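In the working numbering, the protein residues as written are 105 to 317.
Don't be surprised by glycine CBs; every beta carbon is placed ideally from N, CA and C.
What you are looking at is a predicted structure, and each value in this text was computed from that prediction instead of being measured.
Report on one structure; see the data block that follows.
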Amino acid sequence: MHTHSARRFALALLLWAATSPPARGAAQNVRGPFVQLELGGAIAAPIAAGTYSSQARYGGGDAARVALGRDRFAIDLGVDAGAIRFDEDWDGWRVDEVRVVRVRGMVGARYTLVWAEHTQLYGRLGVGVERRSARYDLYLDDIPRGRRQHSRAAVIDPALALRLGSARRFALLQVGLPMALHTKQLVRPYGDSGNALAVELVMSVFAGWSWSI
């Protein structure tokens, strides 16, 4: 998903949260066991990327999660996909925009730290695996198109999230710091070897639905 589309989606969800008042007298969450569906979008800002270019730009993506929990504790399973654009230099020549596509599968554990009538603040720790792929091009016509490069890595994602809404329908605002150590430097020309630590500041907005079980 392109950055502008992710921003529009996040804004739409924020407006949805602002214009949808909580149900009168409803508890913040379903007491006892529950299942939740969460659909959202994210904006990602690379803050460390090993030998990735310093010319990193913002990226965006989509995510879907299913959570199963009881009272303050929950386990979630989700998948998200997104892309981040970089500019890369090599031997004094400019490599044009590199689009790094990322697909990530995660399992998360969350615990509610603050529980008010229509607001929750919880901490979440996610672990999983991500796959990144990228293809670079040089501006010069005499340099051939680079082959697509792929890399897989384990991911750890600590996060804080704020839930706003009623027991059945809510908006979820999350700030996370996913970290992944890749065995390949995806956007280096000709597949230079080495490790690449990818760290991003990710701001996500979810629309959610919850049911007691």
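{"Asked": "Where does Glu221 fall in DSSP's three states?", "Found": "coil"}
{"Asked": "If you reduce the DSSP assignment to three classes, tell me which class Leu281 lands in.", "Found": "coil"}
{"Asked": "Work out the CA separation of Ile317 and Leu281 for me, nearest whole Å.", "Found": "32 Å"}
{"Asked": "Rounding to the nearest angstrom, what Cα-Cα distance links Asp180 and Gln253 in this structure?", "Found": "30 Å"}
{"Asked": "What are the boundary residues of the beta strand (DSSP E) that includes Ala257?", "Found": "Gln253 to Gly269"}
{"Asked": "Comparing C-alpha positions only, which one of Leu276, Pro150 and Ala284 sits nearest to Ser255?", "Found": "Ala284"}
{"Asked": "Comparing C-alpha positions only, which one of Ile188, Ser314 and Ala275 sits nearest to Arg236?", "Found": "Ile188"}
{"Asked": "With DSSP as the reference, please indicate the residues paired to Ile179 in a beta bridge.", "Found": "Leu172 and Ala213"}
{"Asked": "Classify Gly227: buried if its beta carbon has 16 or more other beta carbons within 10 angstroms, exposed otherwise.", "Found": "exposed"}
{"Asked": "Is Gly144 closer than 9 Å to Ser270 when the C-beta atoms are compared?", "Found": "no"}
{"Asked": "Could you check what DSSP says for Ile317 in three-state terms: helix, strand or coil?", "Found": "coil"}
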